[in-house]
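In this note's numbering, the protein residues as written are 13 to 211.
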């Protein structure tokens, strides 16, 4: 098979495929058009049926009205058609002001204030400080602490100074002087030394 033959077969195949697609599209369009036409016919038929029903109901109402008219005429009366009154909004008219209520009595005011305080909605101003009350009973003894206290300060040394002052040296290296005397200081005498003549 020559190249030209292959090319010719390819072109023919493409033409056939295009024709098949075209025919399928035409058939699909025809089906859609047919369905739309059927729907339009059904809609027209339904509308015509509704119109016929309305006409029949109107004819029945006309016959009923005519029969009633004939009955009224047989009774020697003239039929009168009364128009249906139009609906209107009611007219708003303000009434007169009523009398004012009497003022509340003292009992009513007291009850209202008590209820207000009971509900927690009212707060009164803070009053004056009252008198001191009686001393209450002693409380229960407390429990001993379980936490050790700080280390205390003790006396490390005690010295007697030359001027008779007591000097306490504490364990924290501080000193405290307390007036003495811590020793007996001899008082000098005016007697002459031994061996000297007395004046």
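All residues carry an ideal CB built from backbone N, CA and C; glycine is no exception.
Following the continuous alpha helix (DSSP H) through residue 182, name the residue where it begins and the one where it ends. Looking up residue 182 in the chain shown gives position 170. Per DSSP, residue 182 belongs to no alpha helix (DSSP H); it is in the beta strand (DSSP E), 178-182.
Measuring straight from C-alpha to C-alpha, what distance separates residue 172 and residue 164? Translated into positions along the chain shown, residue 172 becomes position 160. Translated into positions along the chain shown, residue 164 becomes position 152. Residue 172 and residue 164: Cα-Cα distance of roughly 24 Å.
Residue range of the unbroken beta strand (DSSP E) whose run includes residue 172: As a first step, residue 172 is located in the chain shown; it is residue number 160 there, counting from the start. Note, residue 172: beta strand (DSSP E), 167-172.
Could you name the residues of the same chain whose beta carbon sits closer than 7 Å to that of residue 169, not counting the 5 residues immediately before and after it, in chain order? On the chain shown, position 157 is the one that residue 169 refers to. So the qualifying residues of the chain are 181.
What does the alpha-carbon distance come out to for the pair residue 189 and residue 179? Residue 189 sits at position 177 when you count from the first residue of the chain shown. Residue 179 sits at position 167 when you count from the first residue of the chain shown. Each residue's alpha carbon lies about 5 Å from the other.
Just to confirm, are residue 186 and residue 166 a CB contact at a threshold of 7 Å? In the chain shown, counting from the first residue as 1, residue 186 sits at position 174. In the chain shown, counting from the first residue as 1, residue 166 sits at position 154. No, the Cβ-Cβ distance between residue 186 and residue 166 is not below 7 Å.
Residue 188 - partner residues in DSSP beta bridges: For the purposes of this step, residue 188 is taken as residue 176 along the chain shown, with counting starting at 1. Bridge partners of residue 188: 180.
Same chain, Cβ closer than 8 Å to residue 125, neighbours up to 5 away in sequence not counted: If you number the chain shown from 1, residue 125 lands on position 113. Closer than 8 Å at Cβ, skipping near neighbours: 134.
Could you give the DSSP three-state label for residue 67: helix, strand or coil? Walking along the chain shown from the start, residue 67 turns up at place 55. Helix.
Could you compute how far the alpha carbon of residue 161 sits from the alpha carbon of residue 191? Counting from 1 along the chain shown, the entry for residue 161 is found at position 149. Counting from 1 along the chain shown, the entry for residue 191 is found at position 179. Near 32 Å, if we compare the C-alpha coordinates of residue 191 and residue 161.
Contacting residues, own chain, Cβ-Cβ under 6 Å from residue 147 (five flanking each side not counted): Locating residue 147 in the chain shown gives position 135, where the first residue counts as 1. Cβ neighbours of residue 147 beyond the five flanking positions: none.
Residue 128 lies in the alpha helix (DSSP H); which residues open and close that run? Residue mapping note: residue 128 aligns to position 116 of the chain shown, counting from 1. Start and end: 118-130.
Just the C-alpha distance for residue 60 and residue 102, rounded to the nearest angstrom, thanks. For the purposes of this step, residue 60 is identified with residue 48 of the chain shown, where counting begins at 1. For the purposes of this step, residue 102 is identified with residue 90 of the chain shown, where counting begins at 1. Each residue's alpha carbon lies about 44 Å from the other.
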